[in-house]
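Sequence order for the protein chains is A and B.
Quick note on the numbering used here: the first sequence kicks off at 4 and runs consecutively.
Quick note on the numbering used here: the second sequence kicks off at 4 and runs consecutively.
For every residue, glycine included, the Cβ atom is placed at its ideal position computed from N, Cα and C.
There are 2 protein chains.
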Amino acid sequence: MKPTARIADVARAAGVSTATVSRTLSSPDRVGKETRDKVLRAVEAIGYRVNAAARDLRSRRARAITVLAPNLANTFFSRIFASVQEVAGAAGLTVQISDSLVEGERLAVFGRDGRSDGILLFDGGLDAEMVTGWGVPVVMVCEWIDAADLACVGTDNAGGLGLAVDHLVALGHRHLAFVGGPACNVLSRERLRGFREGLARHGLTADPASLLSGDFTMESGARAARVWAAQPARASAVICASDECAFGFISEADRMGLRCPADVSVVGFDDVEFSERYIPPLTTVHQPRAALGRQAAEMLIGGLRAGGTLAAARHVLPSRLVVRGSTAPPPD
Amino acid sequence: MKPTARIADVARAAGVSTATVSRTLSSPDRVGKETRDKVLRAVEAIGYRVNAAARDLRSRRARAITVLAPNLANTFFSRIFASVQEVAGAAGLTVQISDSLVEGERLAVFGRDGRSDGILLFDGGLDAEMVTGWGVPVVMVCEWIDAADLACVGTDNAGGLGLAVDHLVALGHRHLAFVGGPACNVLSRERLRGFREGLARHGLTADPASLLSGDFTMESGARAARVWAAQPARASAVICASDECAFGFISEADRMGLRCPADVSVVGFDDVEFSERYIPPLTTVHQPRAALGRQAAEMLIGGLRAGGTLAAARHVLPSRLVVRGSTAPPPD
DNA sequence: CGCGTTCATGTAATCGTTTACATAGGCGCT
DNA sequence: AGCGCCTATGTAAACGATTACATGAACGCG
């Protein structure tokens with residue numbers, strides 16, 4: 004393992020200047036064919052790799068974008084990441100994924116430190132001032148920050164929840180409950196709004212007792228199930244703000260002897276991979292995750308090409324309901 | 004948004020040299036208290052952030068490690084990542100996560116490009132030569148590469164599978180099947196070995212028909228279930244090489260009218276979050292994911308401190324069986 | 001033949017830090 | 001007083017690439 008070759012070593016071996024080597028590597032059509040071959044052979048022979056730090060420093064760009072998501076454990080994100088990788092890779096950009104739950108100081112540095120050219124932000128809970136302070140183009144995905152005027156790609160949350168309500172009402176349910184997400188989360192708010200508006204469309208109203216609190220996790224779904232089961236007049240159908248939450252609800256209900264869908268219908272939100280293989284298979288609102296990732300990446304890369312300016316457009320992709328086995332007509 | 008302050012701007016504002024600013028930021032105890040305060044105030048006022056590219060270039064280290072995993076969608080990894088972040092963060096290192104499924108050229112550059120000081124590799128399917136060619140310390144996690152002599156942290160795969168076999172035999176099962184992973188994968192091989200040795204301990208043998216092929220995915224579990232269901236003499240218990248695979252198996256069996264655990268007992272491997280909330284809750288071999296991540300990160304960081312040399316030790320953490328609801332005595 | 005253009009390449013400045021080395025004051029000790 | 005040593009700071013040389021500008025050859029054309 005030699006002490007890492009530099010561009011000068013290649014230049015010497017090929018009998019050309021460092022400028023020519025650099026050009027051969029970054030814009031091959033600007034050097035003569037003969038020289039190019041000579042240089043490439045030398046690169047191969049020496050095992051030269053360009054030093055990213057030096058290149059980034061001089062060219063003032065990192066050829067990389069950063070994906071910043073809260074809780075990488077969320078299965079919902081992974082498919083989105085994959086399509087981001089795909090688009091970015093095709094554009095010659097590296098993708099770095101980081102957790103937005105790291106401590107403040109580290110996070111505040113993100114854009115400014117020159118390690119990435121742009122950010123795909125999946126976390127709407129960050130401080131608006133910090134995000135704009137990053138100084139690099141940011142595209143928000145799924146969530147958004149009200150106080151910041153950023154480009155954003157997401158799905159129709161309220162609309163999706165409306166579909167769920169329509170479906171349950173069509174099955175004959177009249178008493179619906181909703182397990183929400185964290186109160187401060189924008190998605191929670193939108194989905195709750197969709198729930199309320201959906202009910203209103205059918206002349207129904209959400210009584211306070213049927214608004215159960217949660218935080219998207221399985222554990223919170225299970226807690227909500229216990230609260231729901233203890234209520235004197237139980238809803239016959241429950242919509243959860245996420246699939247994970249729905250799994251928690253169904254599982255806990257099952258442990259209390261209440262079967263889904265015989266005793267209670269449950270609808271989720273996200274359509275993660277597991278939904279199809281849960282027992283019962285989960286009826287849920289599908290989010291087009293691949294499209295979400297692709298569009299977000301394309302938007303960011305477009306902004307990069309345009310010199311770093313990004314219109315604050317908000318793209319809303321339609322969501323659709325996937326009806327599976329967790330919903331049925333109410334028990335007589 | 005001013006044109007990004009440089010260290011010289013801070014130096015000027017504070018009335019000191021750039022060296023002093025640099026020292027204040029990286030080793031504060033080497034400058035006088037008074038000067039330090041002056042500098043820090045200037046940094047604050049100007050909004051200065053050190054440029055990572057310049058720093059990395061000059062100091063020949065990136066203060067970052069890279070996590071390289073195949074398929075980030077695998078829920079098994081995320082918890083491990085979290086504890087890696089924790090350990091690395093405490094050591095002042097940034098963690099970058101990348102997908103090892105990106106195309107070859109991009110992957111080959113990884114270590115050499117100077118963007119990270121070390122790599123945590125979760126993919127045993129990479130070319131040994133490429134990995135050693137990276138030129139930075141590498142610690143393998145969970146999987147390993149036979150042809151490369153690398154440090155490695157993993158769990159006792161064969162032993163874990165043995166526990167599963169013991170459990171099923173104790174319940175009275177005599178005819179067990181195993182749904183494996185990809186033939187080329189080291190984990191598959193180890194778990195298969197554990198299955199065989201486990202059976203042998205109880206004087207049983209694995210007839211070829213009970214060795215079903217799979218690839219860790221839910222889909223492959225479902226396929227295996229169909230094959231199994233069609234067999235004239237079905238096994239009464241099935242061990243799957245991963246939890247996801249087990250979900251696929253149980254779900255597909257259920258669709259064919261075969262209930263778990265009444266008609267068939269199923270054991271998984273990994274103990275992902277969902278296992279506890281599946282219906283039935285999954286009996287599975289637990290892997291200590293937090294410990295795995297912590298130890299791997301500590302090992303890598305230790306190697307970095309020691310100047311980049313890493314003994315090829317192989318740490319094996321014990322696995323244990325978590326008995327839940329998917330296993331029961333065989334039908335009649 | 002002389003001039004302008006184009007193409008391929010070389011020269012050297014530059015990106016923004018860190019850090020080896022130099023400098024200078026202050027202090028204690030003989 | 002003189003010497004040595006420590007501490008705090010400044011000076012300037014790297015780090016390894018990219019790229020503006022300069023150079024020179026080749027070519028076409030009036």
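Under DSSP, the alpha helix (DSSP H) around Q88(A) begins and ends at which residues?
Boundaries of the alpha helix (DSSP H) around Q88(A): T78 to A93.
Reducing DSSP to helix, strand and coil, say where D149(A) ends up.
In the three-state DSSP reduction, D149(A) falls in the coil class, being neither helix nor strand.
Have a look at the DSSP bridge pairing and note the partners of I304(B).
Partner residues in a beta bridge of I304(B), as assigned by DSSP, do not exist.
Quick one: residues in its chain with C-beta nearer than 7 Å to the C-beta of A8(B), no 5 flanking neighbours on either side, listed in chain order?
Its chain contains I49, G50 and Y51 as the residues whose beta carbon lies nearer than 7 Å to that of A8(B), once the 5 sequence neighbours on both sides are disregarded; these appear in chain order.
Counting only runs that start and end within the segment 128-197 of chain B, where is the alpha helix (DSSP H) found for 4 or more residues in a row?
The segment 128-197 of chain B contains these whole alpha helix (DSSP H) runs: 131-136 and 160-174.
With H, G and I counted as helix, E and B as strand and the rest as coil, what does DSSP make of D257(A)?
Of the three classes helix, strand and coil, the one that applies to D257(A) here is helix, per DSSP.
According to the neighbour-count rule (16 or more other Cβ atoms, all chains shown, within 10 Å of its Cβ), is Q234(B) buried or exposed?
With a 10 Å radius around the Cβ and a threshold of 16 neighbouring Cβ atoms, Q234(B) comes out exposed.
When burial is assigned at 16 or more other CB atoms within 10 Å of the CB, is P140(A) buried or exposed?
buried
Near-chain B residues of the segment 265-299 of chain A - C-beta to any C-beta below 9 Å:
E276, F277, E279, R280, Y281, I282, P283 and P284
Contact belief for A180(B) with W137(B) at Cβ below 8 Å, rounded distance in angstroms:
40 Å between Cβ atoms; not a contact.
Please determine if the segment 244-251 of chain B and the segment 290-302 of chain B are in contact, where contact requires at least 3 C-beta pairs separated by less than 8 Å.
Here the segment 244-251 of chain B makes no contact with the segment 290-302 of chain B; the two share fewer than three CB pairs at distances below 8 Å.
Hey, quick one: how far does the beta strand (DSSP E) through T97(A) stretch, first residue to last?
Start and end: T97 to D102.
Give me the DSSP bridge partner(s) of H318(A).
V156(A)
Are the C-beta atoms of A56(A) and some chain B residue less than 7 Å apart?
yes
Taking contact to mean at least 3 C-beta pairs separated by less than 8 Å, is the segment 150-170 of chain A in contact with the segment 87-97 of chain A?
Verdict: no, contact absent.
Quick check: is the beta carbon of V105(B) nearer than 7 Å to any beta carbon in chain A?
yes
Between which two residues does the beta strand (DSSP E) containing D273(B) stretch?
That run of the beta strand (DSSP E) goes S268 to D273.
Quick check on the burial criterion: 16 or more other C-beta atoms within 10 angstroms. Buried or exposed for M4(A)?
Caution applies to M4(A), whose pLDDT of 42 falls short of 50 and renders its modelled position unreliable; the model cannot decide the point.
I need the straight-line Cα distance from S322(A) to D274(A), nearest angstrom please.
Our two residues, S322(A) and D274(A), have alpha carbons roughly 10 Å apart in a direct line.
C-beta neighbour in chain A for L75(B), strict 7 Å:
yes
Nearest residue (CA-CA) to C263(B), options L190(B), F272(B), G271(B) and I253(B)
I253(B)
7 Å Cβ cutoff, M221(B) in contact with chain A
Output row for M221(B): interface = yes.
Where does D40(A) land, buried or exposed, given buried means 16+ other C-beta within 10 angstroms?
exposed
Straight-line gap, A76(B) to D102(B) (C-alpha atoms, nearest Å):
Between the alpha carbons of A76(B) and D102(B) lies a gap of roughly 10 Å.
Using a beta-carbon distance cut-off of less than 8 Å, what residues from the segment 27-57 of chain A approach chain B?
G50, R52, V53, N54, A55, A56 and A57
Just confirm the distance between the C-beta atoms of H176(B) and S268(B), as a whole number of angstroms; I'd bet it's less than 8 Å.
So it is a contact: roughly 7 Å between Cβ atoms.
Taking the alpha-carbon positions, what's the V34(B) to R44(B) distance?
15 Å
Please report the residue range of the beta strand (DSSP E) in which L123(A) lies.
G121 to L124
Can you tell me the Cβ-Cβ gap for F125(A) and P73(A), rounded? I've got them flagged as a contact below 8 Å.
Contact between F125(A) and P73(A) holds: CB atoms are separated by about 7 Å, below the 8 Å threshold.
The segment 158-165 of chain A / the segment 281-291 of chain A touching (three or more Cβ pairs under 8 Å):
Cβ pair count under 8 Å is three or more, so yes.
On the DSSP bridge list, what partners appear for V241(A)?
A180(A) and V269(A), per the DSSP bridge assignment.
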